[in-house]
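Student: Dumping the structure here so I can ask a few things about it.
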Amino acid sequence: MAPGRHLRTVRGRATWQSMVVVLIAMSAGAVVVLAVFGIGVERNLDDTLRQQVADRVGLIEDGADPGAFGQARQGEAFVWIGTPDGTVIASGGEVEPVENPVPEALDRAQEVELLVEERSGNEVERERKELRILAQETNDGAIVVVAGTQIEGLGDALRGLTVLFAIAVPIVVVLVGLLTWRATGRALRPVEEIRRQAATVTGDRLAERVPVPSEVDEIHDLAVTVNEMLDRLEADDRTRRRFVSDASHELRSPVAVMRNDAEVALRHPETTDVRRLATIVADESSRMST
């Protein structure tokens, strides 16, 4: 089979079409999963920040010392407690804001870029980091509690999941292609056997028949239909041969009579009755035409 022809066969088309469908479906599914995962993680982070900030604000409003809440909790990269103008009362965490972290919009989680200090042993490194923060002030507006978390972890998780899909999707698509190729090959094997047997049928071998699969399906019906067609062709051929045989037999006697009389006339022209010879030829010709 010529290169590339496999793709134009029923088997090839079924294979690459199934691969395309699976690729589109899995790619769309991967996009949806990544989107839902990102939104879900982001929502969980926001809920955690909102709950922890609200707890601190509630305790401070109840008279607790604001300086006692400068320890970051689980899921927080930092906590900052101070006044709206940026005066620090207490702060802590794996990073500490160097600039005023109080955003313009309170009570709403948002992504900001802050200049922070990050301690590693005795070393302190300053850099700008993208953080997701949420701020809430006390009822009197005197104190603001800000908690934040790094979004690098979320990005790493999304990238890891993206890489996983990038590896898994092609593998699944190839596996589906291989399974489809094998399945269609097995399903179409009876068709190939029918084709090969039909190719051997000639005018001298009309008694040949194509194999009929045991499983009753469309291919079974095709084989039965082909055999019925061959039955009709064989019957028509027998009728034709019988007609030719009968016609040959019917033509043989008049021709023999005319030939015999013609030979006698040629051998004995002096005794030939032309009128009688013409009558014989006319009678035998009339007989052959009926």
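According to the working numbering, the stretch in the sequence shown is residues 160 to 449, in order.
No residue lacks a Cβ here, since even glycine has one placed at the ideal position from N, Cα and C.
#1: Could you give the uninterrupted runs of the beta strand (DSSP E) lying entirely in the stretch 295 to 354, keeping only those of 3 residues or more?
#2: Using only the alpha-carbon positions, how far apart do residue 284 and residue 330 sit?
#3: My output table needs one value for residue 260: the three-state DSSP class, helix, strand or coil.
#4: Leaving aside the five residues before and after residue 381 along the sequence, list all residues of the same chain whose C-beta is less than 8 Å from its C-beta, in chain order.
#5: How big is the Cα-Cα spacing for residue 378 and residue 202?
#6: Alpha carbon to alpha carbon, how far is residue 398 from residue 365? Give it in angstroms, no decimals.
#7: Kindly indicate which residue of 402, 371, 336 has the alpha-carbon position closest to the one of residue 172.
#8: In angstroms, rounded to a whole number, what distance separates the CA positions of residue 175 and residue 345?
#9: For residue 277, name the three-state secondary structure that DSSP assigns.
#10: Quick one: give me the first and last residue of the beta strand (DSSP E) that residue 249 is part of.
#11: Please state whether DSSP places residue 450 in a helix, a strand or coil.
#12: Within 10 Å of its beta-carbon, does residue 184 have 16 or more other beta-carbons around it, so buried, or fewer, so exposed?
#13: Using only the heavy atoms of the ligand NAD, determine whether one of them is closer than 8 Å to the beta carbon of residue 179.
#14: What do you get for residue 314, buried or exposed, if any count of 16 or more other CB atoms within 10 angstroms of its CB means buried?
#15: Where does residue 250 land, buried or exposed, given buried means 16+ other C-beta within 10 angstroms?
#16: Taking the continuous alpha helix (DSSP H) assigned at residue 199, which residues delimit it?
#17: Count the other C-beta atoms from every protein chain shown that fall within 10 angstroms of the C-beta of residue 308, then say buried if there are 16 or more, exposed otherwise.
#18: What whole-angstrom Cβ distance do residue 291 and residue 272 have, given they're in contact under 8 Å?
#19: How many Å lie between residue 289 and residue 311 at the Cα?
#20: Locate the beta strand (DSSP E) running through residue 238, then write down its first and last residues.
Tutor: If we stick to the structure as given:
#1: For secondary structure counted as the beta strand (DSSP E) over 3 or more consecutive residues, the stretch 295 to 354 holds these complete runs in sequence order: 303 to 309.
#2: Translated into positions along the sequence shown, residue 284 becomes position 125. Translated into positions along the sequence shown, residue 330 becomes position 171. Distance between the alpha carbons of residue 284 and residue 330 is about 43 Å.
#3: In the sequence shown, residue 260 corresponds to position 101, counting from 1. Three-state DSSP puts residue 260 in coil, outside helix and strand.
#4: Here residue 381 refers to the residue found at position 222 when the sequence shown is read from its first residue. So the list reads 350, 353, once near-sequence residues are dropped.
#5: Mapped onto the sequence shown, residue 378 falls at position 219. Mapped onto the sequence shown, residue 202 falls at position 43. A straight-line Cα-Cα distance of about 56 Å links residue 378 and residue 202.
#6: Within the sequence shown, residue 365 is the residue found at index 206, counting from 1. Within the sequence shown, residue 398 is the residue found at index 239, counting from 1. In a straight line, the C-alpha of residue 365 is about 13 Å away from that of residue 398.
#7: For the purposes of this step, residue 172 is identified with residue 13 of the sequence shown, where counting begins at 1. Taking only the C-alpha atoms, the option nearest residue 172 is 336.
#8: Position 16 of the sequence shown, counted from the first residue, corresponds to residue 175. Position 186 of the sequence shown, counted from the first residue, corresponds to residue 345. For the pair residue 175 and residue 345, the Cα-to-Cα distance works out to about 17 Å.
#9: Along the sequence shown, read from residue 1 onward, the residue named residue 277 stands at position 118. The answer is strand: DSSP assigns residue 277 an E or B state.
#10: Taking the first residue of the sequence shown as 1, we reach residue 249 at position 90. Looking at the DSSP string, the run of the beta strand (DSSP E) that includes residue 249 is 247 to 252.
#11: Because residue 450 is not part of the residues shown, which for the chain are 160 to 449, the question remains open.
#12: Here residue 184 corresponds to residue number 25 of the sequence shown, with the count starting at 1. Its Cβ having fewer than 16 others within 10 Å, residue 184 is exposed.
#13: The ligand NAD is absent from the structure shown, which contains no ligands of any kind.
#14: Looking up residue 314 in the sequence shown gives position 155. Residue 314 should be labelled exposed.
#15: Against the sequence shown, residue 250 aligns to sequence position 91. Looking at its Cβ environment, which holds 16 or more other Cβ atoms inside 10 Å, residue 250 is buried.
#16: The residue you call residue 199 lines up with position 40 of the sequence shown. Bounds of the alpha helix (DSSP H) holding residue 199 are 169 to 220.
#17: On the sequence shown, residue 308 is found 149 positions in, with the first residue counted as 1. With 16 or more other Cβ atoms within 10 Å, it is buried.
#18: Locating residue 291 in the sequence shown gives position 132, counting from the first residue. Locating residue 272 in the sequence shown gives position 113, counting from the first residue. Contact flag wrong, Cβ pair sits at about 11 Å.
#19: On the sequence shown, residue 289 is found 130 positions in, with the first residue counted as 1. On the sequence shown, residue 311 is found 152 positions in, with the first residue counted as 1. Take the alpha-carbon of residue 289 and the one of residue 311: they are about 8 Å apart.
#20: Start at 1 with the first residue of the sequence shown, and residue 238 comes out as number 79. Annotation for residue 238: the continuous beta strand (DSSP E) segment containing it runs 237 to 241.
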